[in-house]
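S.K.: Structure in structure tokens, see below.
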């Protein structure tokens, strides 16, 4: 039976201009996401720049985030790592601090070190022994193929594997097959990629979406209307935000959320650590120009 629905955005990681963590900014980001109506929040994901954050900083961000959210919404902690032992340790740490679940990609490291189907199954099984719900992230970044039969096996044989974030090409087809073959074992079929395929994915049976934190309040009505059976209303609501989502997905990535949060006074800096270059000024301005007519909460939250 599905228990996981709604919009669960990824929280960006704010830095000061000198590249150090902005922990007060982190708290403001979390408050802004909750005020936008997030049903849950994911931290330390790819859109949180997890690949630019040290292990010590991960621990700090996990503790600060969970303590600040304080149970207001569920928090997912991303724990992906090639080494199973490290993934397990990260899961234990997240659980000890009160995380609601963890999210992880299959084991990979670069283009050539990729887990086999059995290695992937074993890593998720060992993390599952920690005793915390797991969201499987099926993303092109890992380069590891996760066929539907493997995902269904994981859902049926690993008690804590309950949720699936499908953001591979033709996600709707995979979601539809996963739900059909997995049945009640698929408790939370989600999509990702900023919601760029959201309508098709909802049609396929997705119960939720993990977007960026940019326009949570604008995307949430799409999901709610679709779940209520108002397909025409959901389509219209999605059409209203589709251009902004497209620009975010194709031109900006996680930097769009940071830019919007700077514009709205949520955080002070949209700094990203090297080697990530700043957004081109024209790309950034187009993003803001697309957002302003929508009047999203993010552009006024901190003013």
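Residue numbers (my numbering): 2 to 304.
Backbone N, C-alpha and C fix where the C-beta goes; we use that ideal spot for every residue, glycine too.
Note that the structure is a prediction, hence the values are computed from the model and not measured.
#1: Tell me whether residue 239 sits in a helix, a strand or coil according to DSSP, three-state version.
#2: Taking the alpha carbon of residue 281 as the point to measure from, which residue in 301, 253, 217 has its own alpha carbon closest?
#3: Is the distance from the Cβ of residue 176 to the Cβ of residue 149 below 7 Å?
#4: If we count the other Cβ atoms within 10 Å of its Cβ and call it buried at 16 or more, is residue 196 buried or exposed?
#5: Is the separation between the beta-carbon of residue 96 and that of residue 131 shorter than 7 Å?
#6: Determine the direct distance from the alpha carbon of residue 211 to that of residue 244, and round the result to whole angstroms.
#7: Ends of the beta strand (DSSP E) at residue 105?
#8: At what residue ranges does the stretch 223-293 contain a whole run of the alpha helix (DSSP H), taking only runs of 4 or more?
#9: From this set, 120, 213, 69, which residue's C-alpha is nearest residue 260's C-alpha?
#10: Spell out the partners DSSP gives residue 135 in its beta bridges.
#11: Which residue's Cα is closest to the Cα of residue 100: 269, 62, 288?
#12: Sorted by chain position, which residues of the same chain lie with C-beta nearer than 6 Å to residue 271's C-beta, five sequence neighbours on each side aside?
#13: List the endpoints of the continuous alpha helix (DSSP H) containing residue 129.
#14: I'd like to know whether the C-beta atoms of residue 8 and residue 221 end up nearer to each other than 7 Å.
#15: For residue 8, list the residues DSSP reports as bridge partners.
#16: Report the three-state DSSP secondary structure of residue 193 (helix, strand or coil).
#17: Between the C-alpha atoms of residue 11 and residue 232, what's the straight-line distance to the nearest angstrom?
#18: Expressed to the nearest angstrom, what Euclidean distance is found between the alpha-carbon atoms of residue 45 and residue 94?
#19: Using 7 Å as the threshold, is the C-beta distance between residue 172 and residue 204 below it?
#20: Could you check how far apart the C-beta atoms of residue 268 and residue 26 are, in whole angstroms? I think they sit under 8 Å.
#21: Between 257, 256, 200, 217, which lies nearest to residue 230 when the distance is taken from Cα to Cα?
#22: Using C-beta distances below 7 Å, list every residue in its chain close to residue 115, excluding the 5 sequence neighbours before and after it, in chain order.
#23: Three-state secondary structure (DSSP) at residue 76?
#24: With a threshold of 7 Å between beta carbons, is residue 46 in contact with chain B?
#25: For a minimum of 3 consecutive residues, which ranges assigned as the beta strand (DSSP E) are wholly contained in the stretch 25-59?
#26: So is residue 19 buried or exposed if we call it buried at 16+ other beta carbons inside 10 Å?
#27: Tell me whether residue 216 sits in a helix, a strand or coil according to DSSP, three-state version.
#28: I want to check one thing, is the minimum distance from the CB of residue 171 to the heavy atoms of the ligand PLP below 6 Å?
M.R.: Taking the geometry as given:
#1: If you number the chain shown from 1, residue 239 lands on position 238. Judged by DSSP in its simplified three-state form, residue 239 adopts helix.
#2: Mapped onto the chain shown, residue 281 falls at position 280. In terms of Cα proximity to residue 281, the closest of 301, 253, 217 is 253.
#3: As a working mapping, residue 176 is identified with position 175 in the chain shown. As a working mapping, residue 149 is identified with position 148 in the chain shown. Cβ atoms of residue 176 and residue 149: not closer than 7 Å.
#4: Within the chain shown, the letter at position 195 stands for residue 196. With 16 or more other Cβ atoms from the protein chains shown falling within 10 Å of its own Cβ, residue 196 counts as buried.
#5: The residue labelled residue 96 in the question sits at position 95 within the chain shown. The residue labelled residue 131 in the question sits at position 130 within the chain shown. Taking 7 Å as the cut-off, the Cβ atoms of residue 96 and residue 131 count as close.
#6: Within the chain shown, residue 244 is the residue found at index 243, counting from 1. Within the chain shown, residue 211 is the residue found at index 210, counting from 1. Computed Cα separation, rounded: 18 Å.
#7: Numbered from 1 along the chain shown, position 104 holds the residue referred to as residue 105. From DSSP, the beta strand (DSSP E) with residue 105 extends over 102-105.
#8: 232-248, 256-264, 282-292, all fully within the stretch 223-293.
#9: Translated into positions along the chain shown, residue 260 becomes position 259. Looking only at 120, 213, 69, the smallest Cα-Cα distance to residue 260 is reached by 213.
#10: Counted from its first residue, the chain shown places residue 135 at position 134. Answer by DSSP bridge pairing, in chain order: 103, 162.
#11: On the chain shown, position 99 is the one that residue 100 refers to. That would be 62, whose Cα lies nearest to the Cα of residue 100.
#12: Indexing the chain shown from 1 puts residue 271 at position 270. In chain order, 259, 260, 263 place their CB closer than 6 Å to the CB of residue 271, counting only its own chain and leaving out the 5 sequence neighbours on each side.
#13: Within the chain shown, numbered from 1, the residue matching residue 129 stands at position 128. Its alpha helix (DSSP H) spans residues 118-129.
#14: In the chain shown, counting from the first residue as 1, residue 8 sits at position 7. In the chain shown, counting from the first residue as 1, residue 221 sits at position 220. Cβ distance < 7 Å, so residue 8 and residue 221 count as in contact.
#15: Start at 1 with the first residue of the chain shown, and residue 8 comes out as number 7. BP columns for residue 8 point to 210.
#16: As a position in the chain shown, residue 193 is number 192, starting the count at 1. The answer is coil: DSSP assigns residue 193 none of H, G, I, E or B.
#17: On the chain shown, residue 11 is found 10 positions in, with the first residue counted as 1. On the chain shown, residue 232 is found 231 positions in, with the first residue counted as 1. If you take the alpha carbons of residue 11 and residue 232, they lie about 26 Å apart.
#18: For this step, residue 45 is matched to residue 44 along the chain shown. For this step, residue 94 is matched to residue 93 along the chain shown. Going by the C-alpha atoms only, they are around 13 Å apart.
#19: Here residue 172 refers to the residue found at position 171 of the chain shown. Here residue 204 refers to the residue found at position 203 of the chain shown. Residue 172 places its beta carbon 7 Å or farther from that of residue 204.
#20: Counting from one through the chain shown, the residue named residue 268 turns up at place 267. Counting from one through the chain shown, the residue named residue 26 turns up at place 25. About 4 Å; that satisfies the 8 Å criterion.
#21: Start at 1 with the first residue of the chain shown, and residue 230 comes out as number 229. It is 200.
#22: What you label residue 115 is simply residue 114 of the chain shown in a count that begins at 1. If we look at residue 115 and ignore the five residues flanking it on each side, its Cβ neighbours are 109, 144, 145.
#23: Counted from its first residue, the chain shown places residue 76 at position 75. The three-state reading of DSSP puts residue 76 in strand, counting E and B together.
#24: Judged by its chain identifiers, the structure shown contains no chain B, having just a single protein chain.
#25: Restricted to the stretch 25-59, the beta strand (DSSP E) segments that are unbroken, complete and at least 3 residues in length are 42-44, listed in chain order.
#26: For the purposes of this step, residue 19 is taken as the residue at position 18 of the chain shown. Classification of residue 19: exposed, given that the 10 Å Cβ count is below 16.
#27: Counted from its first residue, the chain shown places residue 216 at position 215. In the three-state DSSP reduction, residue 216 falls in the coil class, being neither helix nor strand.
#28: Looking at this structure, you won't find the ligand PLP or any other ligand, since it has none at all.
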